[in-house]
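Below is one structure, written out as structure tokens; the observations come after it.
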């Protein structure tokens, strides 16, 4: 595909992309970085609610462009500016130890919370005070895999567009609606008004997940609230829920980490809702 167009990391285009590692610049530009073939492919195929392409710019080494020709074609078809660059440029922009040769610049894609409520979601994950970007991205990936209809990040949670969050989502960021910056009280109130039962996941919960499944109480629309990795959910957030549910520990493990517990809870709801979804 020719000689790289961007030789120096001091290029203005490279400098603009590099700044997106910082949250204040992401917010100002409403752009974020997606790295690697999986994320870039998803970005190239994604369209926002306004119909505009999500991927606006792509940096690729010559080797990656040749290896992932279909991704380059998809990026061009989406109207993205494609730059061939040497590995030094990619390393300068990348947030990973071993860049994979493709780095995309994407438009913000979060959804208004009101549009999520209007869709009357059957299964939602609410991340309340989740501060670790890897956990946030992994929970988003779990929600996607479980067939959730949306994810909500409260105003006290990590930035959705943190590079670690984007990488940990492994493309799921582009698959389902995500609302950001919603106060937890507003999230709970809105989802309850939209027909969801609110379940707070907590290791010290009064209700056992197995008992909930056995009682047949989990087949309806549900919003799971997941708390901080270190201290869980504060009492005021627990008090907002219809039930505080613990994942039973049948072995000797002290506890489950956030992402694992979220996966168990979301899949439990997905299984309980399967007859309802099939009928719908």
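In the working numbering, the protein residues as written are 6 to 285.
Idealized CB from N, CA, C, for every residue including glycine.
Element boundaries [alpha helix (DSSP H), containing residue 62]: Not the alpha helix (DSSP H): residue 62 falls in the beta strand (DSSP E), residues 60-65.
Is it the case that the region 169-176 contacts the region 25-44, given that we only count it when at least three CB pairs across the two stretches are under 8 Å? A contact exists between the region 25-44 and the region 169-176.
In this structure, what does DSSP give as the bridge partners for residue 68? For residue 68, which the question treats as bridged, DSSP gives no partner whatsoever.
Using a Cβ-Cβ cut-off of 7 Å (strictly less than) and excluding sequence neighbours within five positions of residue 225, which residues of its own chain qualify? Hits under 7 Å: 202.
Round the Cβ separation of residue 187 and residue 155 to the nearest angstrom and send it over; I've been treating them as touching at under 8 Å. With a Cβ gap of about 11 Å, residue 187 and residue 155 do not count as contacting.
If you pair each beta-carbon of the region 118-125 with each one of the region 63-74, do three or more pairs fall below 8 Å? Verdict: no, contact absent.
Around the Cβ of residue 184, are there at least 16 other Cβ atoms within 10 angstroms (buried) or fewer (exposed)? Here residue 184 is buried. Its C-beta has 16 or more other C-beta atoms within 10 Å.
Residue 271 beta carbon less than 7 Å from that of residue 111: 7 Å or more divides the Cβ of residue 111 from the Cβ of residue 271.
Reference residue 91; option with closest CA among 102, 231, 107, 143: Here the closest residue by C-alpha is 107.
Taking 7 Å as the cut-off, decide whether the C-beta atoms of residue 163 and residue 182 are in contact. Here residue 163 is not near residue 182, since their CB atoms are 7 Å or more apart.
To which residues does DSSP link residue 88 through a beta bridge? According to DSSP, residue 88 bridges with 64.
Indicate whether the contact test is met: 3 or more Cβ pairs, each with one atom in the region 95-103 and one in the region 113-122, closer than 8 Å. Here the region 95-103 does not lie against the region 113-122, with fewer than 3 beta-carbon pairs under 8 Å apart.
Taking the alpha carbon of residue 39 as the reference point, which residue from 53, 109, 89, 211 has its own alpha carbon closest? Looking at the Cα atoms, 109 is the closest of the given residues.
Taking C-beta to C-beta, are residue 264 and residue 252 nearer than 7 Å? No. Outside cutoff.
Decide yes or no for the touch test of the region 28-36 against the region 51-59: beta carbon pairs closer than 8 Å, at least 3 of them. No: the two stretches stay apart, fewer than three of their Cβ pairs being nearer than 8 Å.
Report the residue from 275, 132, 22, 209 whose alpha carbon sits nearest the alpha carbon of residue 254. The residue from 275, 132, 22, 209 with its alpha-carbon nearest to that of residue 254 is 209.
Host beta strand (DSSP E) of residue 249 (start-end): Secondary structure note for residue 249: its beta strand (DSSP E) is the uninterrupted segment 248-251.
Relative to the C-alpha of residue 234, which residue among 227, 133, 242 is closest? Of the candidates 227, 133, 242, the one whose C-alpha sits nearest the C-alpha of residue 234 is 133.
Going by DSSP, name the residue or residues bridged to residue 36. Note: residue 36 sits in a beta bridge opposite 112.
Which listed residue (149, 192, 178) has its alpha carbon closest to that of residue 161: Selection 149, 192, 178 evaluated against residue 161 yields 192 as nearest (Cα-Cα).
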